[in-house]
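Contents: one structure, followed by commentary.
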Amino acid sequence: MDQHGHATLEWEYATCSTGWRELPFPAEELIPSWTALTPAGTRLRVRLRVRDAQGDPSAWYVMAHWTSDDDVVHRTTVPGQADPFGSADVDVFVASPGRPVHGYELEVRLARTRGTSEGPVVQTLCLAASSLPPGHRQAVSAPAGARGKVLDVPRRSQEVHTGHSPQWDGGGEAWSAPACTAMLVEYFGHGPSDDETAWIDPADTAPQVDYTARAVYDYAYKGCGNWAFNAAYPARYGLRGLVTRLRSLSELERFICAGIPVATAQSFRIGELAGAGYSPAGSIKIVCGFTEDGDVVANDPLSATDEDVRRVYARGEFERVWLSASGGGGVVYLLYPPDLPLPAHVRGLDPNW
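Counted from 1, the sequence shown has number 1356 at position 288 by our numbering; the numbering is strictly sequential.
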């Protein structure tokens, strides 16, 4: 049954699961992400359950009902899921204080409307686990191998879409994630066709941003900032996506060297990030590269025009607001072609992609 207005349909189901998996450390937060093909009339349900130090299992948490389109069902998370083990906070499972996660199981239920010949196909299923103590601060990392390397990521402002599509959160300051996701998809040579964007005002100079906003909108959260949904969207173009947490800008530089720009999540107050000129509750930026001095070259969609999107931020300030527990905790999402190798992990540390 669709909770947001579509008619009740008959469905056929199949289910797959990771089985129980142990974590290499006790974790406070878990973020699942996936890519899947969901033809018309198909959908996924992604569920998570966890185990504590005593091996006791939680109930299942529904982390997402996902589909590429919103014609048959609405993609959505499920609010109000909490128990003594923790809670589902939109796209993140947050463990209860003093009860970290030691093991987990992910389950995907694939569904198609009865009589449909095609079903959904899951391509990737990922889980990012993290432990970030309150008040965590880290020394600024030294520049690594990406000094002077800048990827040619297209520039798209979210602000030029102010007032667009109020049913999908109205553009402007609400659309940092879809603007960034559209930039990443475009960087790899993809995007919606003219037919797919025919419903958008022809005067719109970047209809791919509006299209992306509709395609990642979470009908329960009532916004476009669901990290997993933004990572899942590019599957329709043959791209892969995942959400994870990185430990430093030095680690992020590995992706720039591999030709993969990175979407970073952060929030900060006025004065904490010189050159931003604003104080968002949360925003997404694209790290496109680094100056010769190691400062961050970013596409910041919270800019007046497309031409204003490219910014340079001081390495130390950017890293502090991005890595802080209150500012984002190092969250990123990555989009990439399946034939483009991801960089090597940092030797001696737990793999995080």
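Each residue gets a CB set at the ideal place from its N, CA and C atoms; glycine is no exception.
For clarity, every value in this text was computed on a predicted model and none was experimentally measured.
Check: Run through DSSP, which three-state label would residue 1134 get?; Outcome: strand
Check: Given this structure, state the Cα-to-Cα distance separating residue 1369 from residue 1104, to the nearest angstrom.; Outcome: 27 angstroms
Check: Cα separation between residue 1303 and residue 1146?; Outcome: 23 angstroms
Check: Mind listing, in chain order, the continuous alpha helix (DSSP H) runs of no fewer than 4 residues lying wholly within the segment 1314-1379?; Outcome: 1317-1325
Check: Is it right to say residue 1229 is buried, meaning 16 or more other beta carbons lie within 10 angstroms of its own, or is it exposed?; Outcome: buried
Check: Please classify residue 1257 as buried or exposed, where buried requires at least 16 other C-beta atoms within 10 Å of its C-beta.; Outcome: exposed
Check: Taking the alpha-carbon positions, what's the residue 1144 to residue 1372 distance?; Outcome: 30 angstroms
Check: State yes or no: is the C-beta of residue 1356 within less than 7 angstroms of the C-beta of residue 1162?; Outcome: no
Check: Which of the three DSSP states, helix, strand or coil, is assigned to residue 1410?; Outcome: coil
Check: For residue 1318, which residues in the same chain have their Cβ closer than 8 angstroms to its Cβ, ignoring the five residues on either side in sequence?; Outcome: 1209, 1210, 1211 and 1212
Check: Taking the C-alpha atoms as reference points, what is the distance between residue 1184 and residue 1109?; Outcome: 7 angstroms
Check: Taking 7 angstroms as the cut-off, decide whether the C-beta atoms of residue 1401 and residue 1295 are in contact.; Outcome: yes
Check: Going straight from the alpha carbon of residue 1157 to that of residue 1101, what length do you get?; Outcome: 14 angstroms
Check: How about residue 1422 and residue 1090: are their beta carbons less than 7 angstroms apart?; Outcome: Residue 1422 lies beyond the residue range present for the chain, which begins at 1069 and ends at 1421; the question has no answer from this structure.
Check: Hey, which unbroken runs of the beta strand (DSSP E) at 3 residues or more fall wholly within the segment 1073-1116?; Outcome: 1079-1085, 1089-1095 and 1097-1105
Check: Inspect the CB distances between the segment 1163-1178 and the segment 1114-1128 and report whether three or more fall short of 8 angstroms.; Outcome: yes
Check: Check whether the segment 1277-1292 and the segment 1223-1238 are in contact - that is, three or more C-beta pairs closer than 8 angstroms.; Outcome: yes
Check: Roughly how many angstroms separate the alpha carbons of residue 1281 and residue 1300, rounded to a whole number?; Outcome: 13 angstroms
Check: Using three-state DSSP, classify residue 1161 as helix, strand or coil.; Outcome: strand
Check: Quick one: grab the DSSP three-state call for residue 1155.; Outcome: strand
Check: Any heavy atom of the ligand PLP closer than 6 angstroms to the beta-carbon of residue 1250?; Outcome: As presented, the structure is devoid of all ligands, the ligand PLP included, so that no description of it is given.
Check: Whole angstroms are fine: how far does the CA of residue 1334 sit from the CA of residue 1254?; Outcome: 23 angstroms
Check: Counting beta carbon pairs with one atom in the segment 1314-1330 and one in the segment 1257-1275, are three or more of them shorter than 8 angstroms?; Outcome: no
Check: In three-state terms, what does DSSP make of residue 1244?; Outcome: helix
Check: My assumption, with CB atoms under 8 angstroms, is that residue 1390 sits in contact with residue 1398. Please give the rounded CB distance.; Outcome: 6 angstroms
Check: Would you mind stating whether residue 1276 and residue 1250 have Cβ atoms separated by less than 7 angstroms?; Outcome: yes
Check: Between the Cα of residue 1192 and the Cα atoms of 1343, 1086, 1342 and 1165, which residue gives the shortest distance?; Outcome: 1086
Check: What does the alpha-carbon distance come out to for the pair residue 1084 and residue 1115?; Outcome: 11 angstroms
Check: Let's test the definition: count the other Cβ atoms within 10 Å of the Cβ of residue 1093 and tell me whether it reaches 16, buried, or not, exposed.; Outcome: exposed
Check: Please list, in chain order, all residues of the same chain as residue 1225 whose beta carbon is under 6 angstroms from its beta carbon, the five residues on each side excluded.; Outcome: 1369, 1371, 1373, 1374 and 1377
Check: Apart from the five residues on each side of it in sequence, which residues of its chain come closer than 7 angstroms, Cβ to Cβ, to residue 1221?; Outcome: 1251, 1255, 1329, 1354, 1356 and 1367
Check: Considering only DSSP beta bridges, list what residue 1194 is partnered with.; Outcome: 1101
Check: Identify every run of the alpha helix (DSSP H) within the segment 1247-1291, keeping only runs that are complete inside it and at least 4 residues long; order them along the chain.; Outcome: 1275-1284
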